[in-house]
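Take a look at the structure set out below.
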Amino acid sequence: MHLSNRNTSQWQKIDSDHHLHPFTDYKDLNNTGSKIIVSAKGTYVTDSENNKLLDMMAGLWCVNIGYGRKELSEVAKQQMDLLPYYNSFFKTATTPSVELSRILSDITPKGINKFFYGSSGSESNDTLVRLVRRYWDILGKKNKKTFISRTYAYHGSTMASASLGGMQAMHGQGDLPLPGFVHVTPPYYYKFGKNMSESEFCNYAVSEVEKKINEIGPDNIAAFIGEPIQGAGGVIIPPPNYWQLIQKLCKKYEILLCVDEVICGFGRTGEWFGSQFYNIEPDIITFAKGITSGYLPLSGIGISDQVSNIIIDRGGEFYHGYTYSGHPVPCAVAIENIRILKEEKIIENVKNNIAPYLQKRMKEFENHPLVGEVRGQGLLVGVELVKNKKQKEFFEPTGKVGNICRDHCMNNNLIMRAVRDGMMCSPPLTITKEDIDICIDRFSKALDLTAKDVNKLTI
Ligand code: PXG
Numbered sequence: 068m069h070l071s072n073r074n075t076s077q078w079q080k081i082d083s084d085h086h087l088h089p090f091t092d093y094k095d096l097n098n099t100g101s102k103i104i105v106s107a108k109g110t111y112v113t114d115s116e117n118n119k120l121l122d123m124m125a126g127l128w129c130v131n132i133g134y135g136r137k138e139l140s141e142v143a144k145q146q147m148d149l150l151p152y153y154n155s156f157f158k159t160a161t162t163p164s165v166e167l168s169r170i171l172s173d174i175t176p177k178g179i180n181k182f183f184y185g186s187s188g189s190e191s192n193d194t195l196v197r198l199v200r201r202y203w204d205i206l207g208k209k210n211k212k213t214f215i216s217r218t219y220a221y222h223g224s225t226m227a228s229a230s231l232g233g234m235q236a237m238h239g240q241g242d243l244p245l246p247g248f249v250h251v252t253p254p255y256y257y258k259f260g261k262n263m264s265e266s267e268f269c270n271y272a273v274s275e276v277e278k279k280i281n282e283i284g285p286d287n288i289a290a291f292i293g294e295p296i297q298g299a300g301g302v303i304i305p306p307p308n309y310w311q312l313i314q315k316l317c318k319k320y321e322i323l324l325c326v327d328e329v330i331c332g333f334g335r336t337g338e339w340f341g342s343q344f345y346n347i348e349p350d351i352i353t354f355a356k357g358i359t360s361g362y363l364p365l366s367g368i369g370i371s372d373q374v375s376n377i378i379i380d381r382g383g384e385f386y387h388g389y390t391y392s393g394h395p396v397p398c399a400v401a402i403e404n405i406r407i408l409k410e411e412k413i414i415e416n417v418k419n420n421i422a423p424y425l426q427k428r429m430k431e432f433e434n435h436p437l438v439g440e441v442r443g444q445g446l447l448v449g450v451e452l453v454k455n456k457k458q459k460e461f462f463e464p465t466g467k468v469g470n471i472c473r474d475h476c477m478n479n480n481l482i483m484r485a486v487r488d489g490m491m492c493s494p495p496l497t498i499t500k501e502d503i504d505i506c507i508d509r510f511s512k513a514l515d516l517t518a519k520d521v522n523k524l525t526i
């Protein structure tokens with residue numbers, strides 16, 4: 068199928084006439100027109116004007132092995148030719164979903180050995196909500212229903228996953244959160260640390276969770292959920308001891324520890340999963356994105372033996388599932404993707420080589436007058452742009468400067484994501500040092516242009 072018979076403005080016209088994009092102000096987009104992406108290779112995507120853009124976001128935090136790996140398209144074709152679809156509802160299974168489950172039980176955190184599939188992170192977080200509530204019901208603890216999450220968490224866009232998330236703007240549309248979802252201060256030291264030391268702030272953030280547990284009553288709390296490192300919320304790196312303390316709290320109050328590995332999973336932190344990076348053993352994880360490097364939609368939830376034993380032995384039928392649960396084609400692609408991650412030692416290379424280099428180079432921007440903080444871990448980086456570095460004064464209104472910087476990046480053939488007034492990176496795990504140098508060069512130009520614009524603005 069060749070769709071190259073139209074020029075850019077023709078594509079843009081059809082796009083604005085008929086296509087509604089996710090998270091988009093439609094009127095605004097229709098004024099400017101979409102950038103039409105037509106192909107990609109390695110760490111670069113090419114648009115319909117033949118610009119080659121360095122993709123420091125790996126698509127949307129997902130193309131972990133980089134673009135253009137033929138092994139994945141070949142496996143997908145082979146599987147489509149052999150068996151393009153079959154379900155797992157009525158005592159049937161397909162070989163890729165079975166094999167993938169075996170492989171996942173080897174690489175996921177200790178104790179997690181059962182897997183249930185969906186097609187998106189949002190779906191798997193919905194599955195998580197249903198499964199956790201079911202778990203406590205089976206145990207006769209029918210009041211344990213409430214989920215504790217954090218402000219700026221992103222867990223998806225469906226009703227339940229957006230309720231789990233802590234995005235105020237999303238809650239403002241559609242009467243969210245649903246009942247049974249509460250949010251506490253995130254471990255975001257730069258913004259909320261005031262004049263505490265980092266470890267004092269860590270204790271404070273954890274004490275907020277404990278306060279919330281006691282306010283609602285431990286008998287009413289089902290689970291705590293968090294991303295190991297909050298991604299879409301602005302690459303929020305928790306203080307070193309945070310997750311250990313949260314795990315302790317969950318044990319103390321008999322609350323399930325749920326970890327959303329949708330971004331951190333499959334190597335982003337330099338370990339297979341963020342839970343391993345922080346040395347915690349969650350009861351439940353969810354994952355998506357990097358499992359297929361984004362080549363096909365696939366997500367899942369991984370369940371510890373302790374939880375799955377109850378669901379299996381005492382639960383009877385679990386009335387939950389999707390047409391595409393365990394779809395054979397994305398499962399086959401996931402198996403191949405994991406093989407490549409393993410055989411090419413991509414995650415080890417992130418940990419020992421590429422992540423330290425990216426972090427070191429990005430840290431140089433802390434000398435820039437616009438930059439309040441550069442924080443990162445593995446191949447995640449957040450660069451906080453501020454009005455006043457000394458006083459940690461943020462821009463008002465929030466988001467304007469971030470968008471200006473994002474546009475300057477784009478005009479310099481660099482894709483970064485603006486979150487509020489921070490600039491985020493989450494590149495393919497296969498990025499080279501040469502490409503990191505190119506990123507530094509382009510981002511430096513974009514920052515200088517942004518600073519010039521900021522001087523012109525009266526904000
Ligand atoms: N959990 C986390 C941690 C995520 O980052 C989801 C769940 C939901 O996954 P799906 O596949 O339903 O989108 C995500 C998704 C952004 C952005 O702007 C981030 C995501 C999705 C869309 C936009 O940074 N992450």
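If you use my numbering, the sequence shown corresponds to residues 68 to 526, in order.
Every residue gets a Cβ at the ideal spot worked out from N, C-alpha and C, and that includes glycine.
This one's a predicted model, so the numbers in the text were calculated from it and none came from an experiment.
Taking 6 Å as the cut-off, does the CB of A355 come closer than this to any heavy atom belonging to the ligand PXG? yes
Output the boundary residues of the beta strand (DSSP E) element that contains D122. 119-122
Among residues of its own chain, excluding the 5 on either side of G332, which ones have a beta-carbon nearer than 6 Å to its beta-carbon? F340, F354, G357
Near E277, what residues of its chain come up, given a Cβ to Cβ distance below 7 Å and the 5 sequence neighbours on each side ignored? L316
Can you check which of these residues, M429, T390, G445, Q426, is closest to V417 by C-alpha distance? G445
Are the Cβ atoms of G393 and S155 separated by less than 7 Å? yes
C-beta contact flag for T162 and Y153 at 7 Å: no
Does DSSP put Y93 in a helix, in a strand, or in coil? helix
Name the two residues that bound the continuous beta strand (DSSP E) containing G126. Note, G126: premise wrong, no beta strand (DSSP E); alpha helix (DSSP H) at 125-128.
If you check the beta carbons only, do M490 and V450 fall under 7 Å apart? yes
Just confirm the distance between the C-beta atoms of G301 and R487, as a whole number of angstroms; I'd bet it's less than 8 Å. 6 Å
Neighbour-count burial assignment, A422, 16 or more Cβ in a 10 Å radius: buried
Shorter than 6 Å, the distance from the beta carbon of A299 to the closest heavy atom of the ligand PXG, or not? yes
Which value, in whole angstroms, describes the spacing of the CA atoms of D504 and R428? 8 Å
DSSP three-state assignment for K456, whether helix, strand or coil: coil
How would you write the range of the alpha helix (DSSP H) that T353 sits in, first residue to last? It is not in any alpha helix (DSSP H) - T353 instead sits in the beta strand (DSSP E) that spans 351-354.
Own chain partners of Y320 with C-beta closer than 6 Å, once the 5 adjacent residues on each side are dropped: I280, P285
Can you find a heavy atom of the ligand COA that lies under 6 Å from the Cβ of S392? Although the ligand COA was asked about, the structure shown includes only the ligand PXG as ligands.
Check whether the stretch 183-202 and the stretch 213-223 are in contact - that is, three or more C-beta pairs closer than 8 Å. yes
Just the C-alpha distance for M237 and Y93, rounded to the nearest angstrom, thanks. 16 Å
Where do the ends of the beta strand (DSSP E) carrying E440 lie? 438-444
Just checking I330 against the ligand PXG - is the residue's beta carbon closer than 6 Å to any of the ligand's heavy atoms? yes
Got a sec: does the ligand PXG put a non-hydrogen atom nearer than 6 Å to the Cβ of G188? yes
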